[in-house]
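Peer 1: Residue numbers (this note's numbering), protein chains in the order written: chain A, 4 to 224; chain B, 4 to 224.
Glycine is no exception: its CB is placed at the ideal position from the N, C-alpha and C atoms.
Fair warning: this is a prediction, and the values are worked out from it, not measured in the lab.
First, the structure itself, so that you have it in front of you.
Protein chains: 2
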Amino acid sequence: MDPMAQSVPQRPRVGRPPRISREEVLAAARRVVEEGGVGSLTMRRLAAEVGSTPMALYHHVKDKEELLLLLLDDYAAGLARPALPEDPRERLVTAALAMHDALAGCAWVVEVLVADDLMSDAGLWYAENIVDAAVACGLTPERAVHAYRSIWYYTAGEIIIRAAGRRRAADDRPTHRERVFADLDEETLPRLASIGGRWATLTAQDTYRQGLEALVEGLLP
Amino acid sequence: MDPMAQSVPQRPRVGRPPRISREEVLAAARRVVEEGGVGSLTMRRLAAEVGSTPMALYHHVKDKEELLLLLLDDYAAGLARPALPEDPRERLVTAALAMHDALAGCAWVVEVLVADDLMSDAGLWYAENIVDAAVACGLTPERAVHAYRSIWYYTAGEIIIRAAGRRRAADDRPTHRERVFADLDEETLPRLASIGGRWATLTAQDTYRQGLEALVEGLLP
DNA sequence: ACCTGAACACCGTTCAAGT
DNA sequence: ACCTGAACACCGTTCAAGT
């Protein structure tokens, strides 16, 4: 842009030339985390991935926490922002669904999110639209924030619990839950006993939208 | 009870007499976990707590996972089961609130719960009553299970996120969220910017019941 | 300025041996 | 039967030194 820019003397880079860059580290971290979740991202593993030593990483990120936050920013920045309907109630539901989808695609995100609440700037777009739509539906700003919070609890809970469920389903040994459901006491737990084997099927179904609409129905005046 | 029981010859206990018992291990684990969360419970720390070596523990519990499950059973067994109102809608809300309270008192429980879905038998009491009340309110058993699921997502999400929030508040360095909220762009995020500093106060408020009632309102016919 | 290697203070768990 | 000690394969991070 500025034709002079090129001739501005670059502060002469002294010392050893870099072998790895922050971007390279982040890209590798993304790969690792997408494949095996946050749990599988270790500084040592990451170092191996970029062909370096664990300590070299600390020259490009402050520590592991910063690494995760950077990863989050990065993910959030790439999210699509769907066009939202005019009608405020529909706008609210659509924004919440978009937030949910953004998270559902990437289970690891939630693990980090919960640890440091809310996304980066890019993620605030969802909150903005949900709160704003709630106000447009007639809530006070205070109640709109509370409504957003309820939706966030519901959404985060859904993502976390269903992700955990999928992880359990992945390693095939029977879970604690299955063992418990196999022999329910009909005397003390008649309703659950009558549902029996259908429990697993029913709770595996995706009912996010259903629950969201119920919640919104109850939250709005 | 059986007067003969005493004279039934005990299978002679051979070998070294035990120095620690399973109960002792569990009691120590409970202490550790209540104080510092699941994260602070390590086999090594626990061994030190009972005055033994890490490997001695493996004679009383299979591994760390079993230890956590035992801890859970134990906690669930001690829960009060409040009297529930006759009216099914009130019964539903009361049971959900009781479930929430049972969890809220013990943040560590949720960490384990999420990892292995649902509590032990004792915890199923909540599910039983919520599903049953939902049926009594006119839902089909299938929709009643879905309703329970939505309530469970909402409840678990609330507990997890608020627990994480409290953990962040505990170590006083400013969180990522605070930094982001400090300078919101009024152009792109006008609603959040207008809420500004009130966000922290508003989201710190306990609105579990409010959200629950909204959700129930929307879920029931 | 950037990278390396050794070291520290941790993990859960296995294995072989002691009482 | 119960416990111990040494060992294995891991962690994140600090520190002093090399290029």
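Please state if the CB of residue 78/B and the CB of residue 101/B are separated by a distance shorter than 8 Å.
Peer 2: Working through the second sequence from its first residue, we reach residue 101/B at position 98. Working through the second sequence from its first residue, we reach residue 78/B at position 75. Against a cut-off of 8 Å, the Cβ pair of residue 78/B and residue 101/B comes out as no contact.
Peer 1: Just to confirm, is the Cβ distance from residue 23/B to residue 51/B under 8 Å?
Peer 2: If you number the second sequence from 1, residue 23/B lands on position 20. If you number the second sequence from 1, residue 51/B lands on position 48. For residue 23/B and residue 51/B, no; Cβs fall outside 8 Å.
Peer 1: Does the beta-carbon of residue 93/B have 16 or more other beta-carbons within 10 angstroms, so that it is buried, or is it exposed?
Peer 2: As a first step, residue 93/B is located in the second sequence; it is residue number 90 there, counting from the start. The residue is exposed, with fewer than 16 neighbouring Cβ atoms inside 10 Å.
Peer 1: Grab me the residues of residue 218/A's own chain with a C-beta within less than 7 Å of its C-beta, minus the 5 sequence neighbours each way, in chain order.
Peer 2: Here residue 218/A corresponds to residue number 215 of the first sequence, with the count starting at 1. The residues are 153, 154 and 157.
Peer 1: Give the DSSP-derived three-state secondary structure of residue 190/B in the structure shown.
Peer 2: The count along the second sequence starts at 1 and reaches residue 190/B at position 187. Three-state result, residue 190/B: coil.
Peer 1: Run through chain A and tell me which residues come within less than 7 Å of residue 100/B, C-beta to C-beta.
Peer 2: Position 97 of the second sequence, counted from the start, is the residue given in the question as residue 100/B. Neighbours of residue 100/B on chain A: none; closest Cβ ~15 Å, over 7 Å.
Peer 1: Along the stretch 156-172 of chain A, what residues have a CB closer than 8 Å to any CB found in chain B?
Peer 2: Cβ contacts with chain B come from 156, 157, 158, 159, 160, 161, 163, 164, 167, 168 and 171.
Peer 1: Does the Cβ-Cβ distance between residue 159/A and residue 133/A come in under 8 Å?
Peer 2: In the first sequence, counting from the first residue as 1, residue 159/A sits at position 156. In the first sequence, counting from the first residue as 1, residue 133/A sits at position 130. No; because the gap between Cβ atoms is not below 8 Å, this pair is not in contact.
Peer 1: Establish whether the CB of residue 103/A and some CB of chain B are separated by less than 8 Å.
Peer 2: Position 100 of the first sequence, counted from the start, is the residue given in the question as residue 103/A. Not closer than 8 Å to any Cβ of chain B, the Cβ of residue 103/A fails to qualify, so no.
Peer 1: Taking residue 106/B and residue 97/B to be in contact with their CB atoms under 8 Å, please state how far apart those CB atoms are, rounded to whole angstroms.
Peer 2: Translated into the one-based positions of the second sequence, residue 106/B becomes position 103. Translated into the one-based positions of the second sequence, residue 97/B becomes position 94. Residue 106/B to residue 97/B, Cβ: 15 Å. No contact.
Peer 1: Taking all protein chains shown into account, do 16 or more other C-beta atoms lie within 10 angstroms of the C-beta of residue 91/B, making it buried, or fewer, making it exposed?
Peer 2: For the purposes of this step, residue 91/B is taken as the residue at position 88 of the second sequence. So residue 91/B ends up on the buried side.
Peer 1: Any Cβ of chain B within less than 8 Å of the Cβ of residue 190/A?
Peer 2: Here residue 190/A refers to the residue found at position 187 when the first sequence is read from its first residue. By this cut-off, residue 190/A is not an interface position.
Peer 1: My output table needs one value for residue 53/A: the three-state DSSP class, helix, strand or coil.
Peer 2: As a first step, residue 53/A is located in the first sequence; it is residue number 50 there, counting from the start. Here residue 53/A sits in coil by DSSP.
Peer 1: Taking the straight line between their C-alpha atoms, what separation do you get for residue 20/B and residue 27/B?
Peer 2: Position 17 of the second sequence, counted from the start, is the residue given in the question as residue 20/B. Position 24 of the second sequence, counted from the start, is the residue given in the question as residue 27/B. Answer to the nearest angstrom: the Cα atoms are 15 Å apart.
Peer 1: With three or more beta-carbon pairs closer than 8 Å as the criterion, would you say the stretch 67-75 of chain A touches the stretch 108-116 of chain A?
Peer 2: Yes, they touch.
Peer 1: Could you check what DSSP says for residue 216/A in three-state terms: helix, strand or coil?
Peer 2: For this step, residue 216/A is matched to residue 213 along the first sequence. The answer is helix: DSSP assigns residue 216/A an H, G or I state.
Peer 1: Strictly under 8 Å for the Cβ-Cβ distance: is residue 224/A near chain B by that measure?
Peer 2: In the first sequence, the residue the question calls residue 224/A occupies position 221. No, its Cβ sits nowhere closer than 8 Å to a Cβ of chain B.
Peer 1: At 4 residues or longer, what runs of the alpha helix (DSSP H) sit wholly inside the stretch 37-102 of chain A?
Peer 2: Counting only runs of 4 or more, we get 46-52, 57-60 and 67-80.
Peer 1: Verify the CB distance criterion: does residue 48/A have a CB-CB separation below 8 Å to chain B?
Peer 2: Here residue 48/A is taken as the residue at index 45 of the first sequence, counted from 1. By this cut-off, residue 48/A is not an interface position.
Peer 1: From this set, 201/A, 137/A and 210/A, which residue's C-alpha is nearest residue 144/B's C-alpha?
Peer 2: Taking the second sequence and counting its residues from 1, one reaches residue 144/B at position 141. Among 201/A, 137/A and 210/A, the Cα nearest to that of residue 144/B is on 201/A.
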